[in-house]
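The number in my numbering is simply the position in the sequence shown, starting from 1, with 4 added. Even for Gly, the Cβ is constructed at its ideal location relative to N, Cα and C.
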Amino acid sequence: MRRLKDELNVCGRIVLAAVFAAVLVIPFVLVSAEEKKADGGKKVVAGKPIANSIGMKLAPITSGEFLMGSTTEFGRWAHEHQHKVLLTSDFYMGVYEVTQEQYEKVMGKNPSQFSKTGKWKDAVKEIGTTNFPVENVSWKSAVEFCRKLSELPEEKKAGRVYRLPTEAEWEYACRAGSTSVFHFGESLSSSQANFDGNHPYLKREDVIKGESDEKLKGPYLKRPTTVGSYEPNAFGLFDMHGNVWEWVSDWYSPVYFKGSPEKNPQGPEKGEKKVSRGGGWYYFAAGCRSASRYERGPDEKRDTDGFRVVFVDAKKARRF
Ligand SMILES: [Ca+2]
5 MRRLKDELNV CGRIVLAAVF AAVLVIPFVL VSAEEKKADG GKKVVAGKPI
55 ANSIGMKLAP ITSGEFLMGS TTEFGRWAHE HQHKVLLTSD FYMGVYEVTQ
105 EQYEKVMGKN PSQFSKTGKW KDAVKEIGTT NFPVENVSWK SAVEFCRKLS
155 ELPEEKKAGR VYRLPTEAEW EYACRAGSTS VFHFGESLSS SQANFDGNHP
205 YLKREDVIKG ESDEKLKGPY LKRPTTVGSY EPNAFGLFDM HGNVWEWVSD
255 WYSPVYFKGS PEKNPQGPEK GEKKVSRGGG WYYFAAGCRS ASRYERGPDE
305 KRDTDGFRVV FVDAKKARRF
């Protein structure tokens, strides 16, 4: 009897010790799994995309806070001054850059140079370009596309008012919780995005060690390619690095980030040039960084420049 009692006591102590350990350890495991990523950023979860009346897919982007810009990474410019930004509305963003087919459906024409009738038709004569991103499109035409898309009967009925993303919305969506140079991490090769693969981006520690970038060199297509040909980011967005540069709504200013509002920045009130983001097919990887920004006139058209669209679901918008 006494032996049985001792055994029960031992069992009881083991159970108690296990419960105590679980109470201490489980919350830590849950918190670290839910909130922290290896690069110190926040874990985000991709939502279910919707498809609109022209077959364009748009993914839900949950609003939040992030550090916009860069600090010490190689290839950065002073106008990328890092600062905190808070976005207070959820929004939907195009999963892909707007394609040639989608642009033609809405605007009745396809201005792309890499198309059957474009300037560089010989470079794509064996390839279907329907799902290539539209390029050679000015900022003004991109805005007009948003207006006309919003006017389509089905879109009006659904209450979807399209516009270009703000620069802050674009970078927030691109980073998708990451704090690294690219949403993929600290390096980029052309197996991950469409850019000039002769000029990949090495991790900072490898550059300091004097390592060659040979090991990261890859193909250079010398043209845009079908959207969604590479891995997406954590929000499920494709080609945020490379393929075509993407117009955003903001006017450009080299000093704006030093004094911009923390909450929902919209860019300077006026300017001469607009911002585009994310790098393109003929750029070096450094131009495709999450913080990389470039300015162009609102009437300028280049075969490297396209865009994607966003809308805020007024009925479901989550606000802080
Ligand atoms: Ca892009």
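Within the segment 62 to 138, the alpha helix (DSSP H) runs of at least 4 residues that lie entirely inside it are, in chain order, 104 to 111. For the alpha helix (DSSP H) assignment, the uninterrupted runs of no fewer than 4 residues enclosed by the segment 207 to 247 are, from N- to C-terminal side, 208 to 212.
The alpha-carbon separation between residue 304 and residue 112 amounts to approximately 20 Å. Per DSSP, residue 281 is one residue of the beta strand (DSSP E) stretching across 278 to 281. Ranking 219, 273, 89, 187 by CA distance to the CA of residue 244 puts 187 first. Taking the Cβ of residue 248 as the reference point, at least one heavy atom of ligand 1 falls within a distance shorter than 8 Å. The Cβ atoms of residue 247 and residue 223 do not sit closer than 9 Å to each other.
Taking a C-beta distance under 9 Å as the contact criterion, residue 282 and residue 150 do not qualify as a contact pair. It is roughly 42 Å from the alpha-carbon of residue 166 to the alpha-carbon of residue 210.
Here the distance from the Cβ of residue 60 to the nearest heavy atom of ligand 1 is not below 8 Å. When DSSP states are grouped into helix, strand and coil, residue 293 belongs to the coil group. If you draw a straight line from the Cα of residue 55 to the Cα of residue 96, it is about 11 Å long.
Shown here, residue 312 sits in coil according to DSSP, grouped into three states, outside any helix or strand. Between the alpha carbons of residue 64 and residue 173 lies a distance of about 12 Å.
The three-state reading of DSSP puts residue 186 in strand, counting E and B together. Residue 258 is classed as exposed because its beta carbon has fewer than 16 other beta carbons within 10 Å across all chains shown. Nearest neighbour of residue 135 by Cα position, chosen from 68, 116, 144, turns out to be 116. Of the heavy atoms belonging to ligand 1, at least one sits nearer than 8 Å to the Cβ of residue 101. For residue 244, the Cβ falls inside the 8 Å cut-off from some heavy atom of ligand 1.
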